[in-house]
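Everything below concerns the one structure shown next.
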Amino acid sequence: MTLRISVVGCGYLGATHAACMAELGFDVLGLDVDRERIDALSDGNVPFYEPGLEPLLRKHVESGRLSFTTSYAEAAEFADVHFVCVSTPQRDGDFAADLSHVHRVVDELAPLLTRPCVVVGKSTVPAGTAEGLAYRIAELSPVDDAAELAWNPEFLREGHAVEDTLRPDRLVFGVAGPNRRGEPGRAEDVLREIYADPIAAGTPVVVSDYPTAELAKVAANAFLATKISFINAMAELCEATGGDVTVLADAIGHDPRIGRRFLNAGLGFGGGCLPKDIRAFMARAGELGVGEALTFLREVDAINQRRRERVVEIAGELLTRPWPGSRIAVLGAAFKPDSDDIRDSPALNVAGRLHLHGAHVTVYDPQAMDGARRLWPTLHYADSVPDACAGAHVVLVLTEWQQFREMDPYLLADVVEQPAIVDARNCLNPAKWRAAGWTYRGVGR
Ligand code: UGA
């Protein structure tokens, strides 16, 4: 019989996972405590921007393979496998991860698990969490160790979430050792059954214990963050020496041991994952008594934060007037293109700093306007690039949307007061902009 799946937590990760599990052929029940979210998803509407997700959601809501609920009892009754996809944000007031959602899910679900099943954690958690949850499930569940726990971290990128879920570049299965009677668990086989299609298509599987699986997630994000801060540190060196960091990235990126991907210098990383994950990782290392192993991540974080101030400085250098009274166009509010996510967005952080200097800041983003307005109601907002740039003394490109890469410098020169542009993502062709009469400044070039 085909496995039935529940997905607990229908945010960005869970909603994508639920739709993709239905696409892989399973009957899926999504669970969230947010009634409004569940109503939207049940109507086939995705409450955030993720290319390709809405058609997939609609397809499977209509086929009847995918439905949603707010009831834990229903999910427990329905599914053989429960995926835990709730968020683990940075805790208020410190660096550690807030695990309250994960704990709540286990405390609500476990007492209702009355038949053999596998609970699969996907949320990003500090190493050591899974073991504690496994004990908690054994303690609360009426079926004892017939309710198993596995850890299967997700590595999906916003903007590519569907593709990354259906065709992941690797699968990590963190499973428990044999139970008290010396019998092996079923979790690995169950996960292999669920991911049979991507595995058949060649996705490698790494089977590990719990802590390795938990670490695989944060180690990957720490590495990516380090790669970005490394090239941003090189951008500082390029600015000091007159070098060009984009060419430097090509020069070192051709070495396959280094690789060119994730070596784009600019405004640095933001979003709901990289910044909070490296901080939670440092906090956890400290608790484990190995804080020194990760002190370099403090530097990674500091380099990243410096980018924001540097871009503000460059804007100031281009202005021929004081901040108050200057008009600045900010293109981009999302933390990266193809997303409406503004969590820890470097773009909005810079926009806010410019505003606090006294400038009149007008923001345009193709998708993230609603969120930006809520977070920064004191900024001005325009409905298009030309509207945002009308009368501007300087234009800043802070998120590299395709639409911004393709802007016509001649047309835009007609609407601004002063043709000066800061390309904080190094995504424009400097020669083209200079030829059209613009003062162009990238970062690290
Ligand atoms: C990141 C990881 O890439 C995923 O593998 C991981 O699953 C996810 O976090 C997560 O933990 O859930 P995501 O936050 O969607 O994914 O975004 P990325 O594409 O990694 O970009 C992160 C930030 O780095 C963005 O602000 C982006 O603009 C910046 N970045 C990226 C650079 O500044 N330079 C680069 O070369 C690449």
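The sequence shown runs 116 to 560 under the numbering used here.
By construction, the Cβ of each residue, glycine as well, lies at the ideal position given by its N, Cα and C atoms.
Residue side-chain check: Glu-278 keeps its Cβ at 6 Å or more from all non-hydrogen atoms of the ligand UGA. The alpha-carbon separation between Ala-350 and Gly-381 amounts to approximately 8 Å. When beta bridges are read from the DSSP output, Arg-442 appears opposite His-475. At a threshold of 6 Å, Asn-379 counts as near the ligand UGA, since its beta carbon sits closer than that to one of the ligand's heavy atoms. Listed as beta-bridge partners of Arg-540 by DSSP are no residues whatsoever.
In the three-state scheme derived from DSSP, where H, G and I count as helix and E and B as strand, Glu-263 is classed as strand. Leu-156 sits in a helix when the DSSP states are folded into three classes. Using a Cβ distance threshold of 7 Å, Gly-557 and Phe-450 do not count as a contacting pair.
Leu-511 has its alpha-carbon roughly 13 Å from the corresponding atom of Glu-424.
A heavy atom of the ligand UGA is found nearer than 6 Å to the CB of Leu-271. Runs of the alpha helix (DSSP H) lying entirely within the region 207 to 288 and spanning at least 4 residues, in chain order: 215 to 224, 244 to 255 and 276 to 281. In its own chain, leaving out the 5 sequence neighbours on each side, no residue places its CB closer than 7 Å to the CB of Gly-317. Note that the region 155 to 162 does not touch the region 187 to 197; fewer than 3 beta-carbon pairs, one per stretch, sit closer than 8 Å. In the structure shown, Ile-373 adopts coil according to DSSP, grouped into three states. Note that the region 385 to 401 does not touch the region 493 to 510; fewer than 3 beta-carbon pairs, one per stretch, sit closer than 8 Å. Minimum Cα-Cα distance from Thr-185 among the listed residues Ala-133, Gly-274 and Ile-153 corresponds to Ile-153. Ile-309 sits in a helix when the DSSP states are folded into three classes.
Residue range 168 to 178 is occupied by the alpha helix (DSSP H) that includes Arg-173.
With a cutoff of 6 Å, Leu-433 does not count as near the ligand UGA, since its C-beta is closer than that to no heavy atom of the ligand.
By the criterion of at least three beta-carbon pairs nearer than 8 Å, the region 166 to 180 is in contact with the region 273 to 290. Cβ-Cβ distances below 7 Å link Pro-439 to Gly-473 in the same chain, with the five nearest sequence neighbours on each side left out; the list follows chain order.
Its Cα nearest to that of Lys-237, the residue Val-287 stands out among Pro-293, Val-287, Ala-366 and Glu-254. Here Ala-348 has Ile-418 as same chain residues with Cβ atoms under 7 Å from its own Cβ, once five neighbours each way along the sequence are excluded. Leaving aside the five residues that flank Cys-353 on each side, the residues in its chain whose CB is nearer than 7 Å to its CB run, in chain order, Asp-359, Val-360, Leu-363, Gly-559 and Arg-560. Distance from the Cα of Glu-521 is smallest, within the candidate group Pro-545, Pro-534, Ala-535 and Gly-506, for Pro-545. The ligand UGA never approaches Asn-160 closely enough for any of its heavy atoms to be under 6 Å from the residue's Cβ. Residue pairing by DSSP puts Phe-198 in a beta bridge opposite Val-122 and Val-235. The beta carbons of Leu-227 and Phe-183 sit about 18 Å from each other, so the pair does not count as a contact at 8 Å. Residue pairing by DSSP puts Ala-535 in a beta bridge opposite Thr-554.
If you look at Val-530, you'll find it isn't in any beta strand (DSSP E); it sits in the alpha helix (DSSP H) that goes 524 to 530. Look at Leu-513 here: in three-state DSSP terms it is coil, with no helix or strand label. At a Cβ-Cβ threshold of 7 Å, Pro-241 and Ala-331 do not count as neighbours. Look at Asp-149 here: in three-state DSSP terms it is coil, with no helix or strand label. In the three-state scheme derived from DSSP, where H, G and I count as helix and E and B as strand, Ser-323 is classed as strand.
Taking the Cα positions, Pro-319 is about 21 Å away from Gly-140.
Val-143 is bridged by DSSP to Ile-120 and Leu-181.
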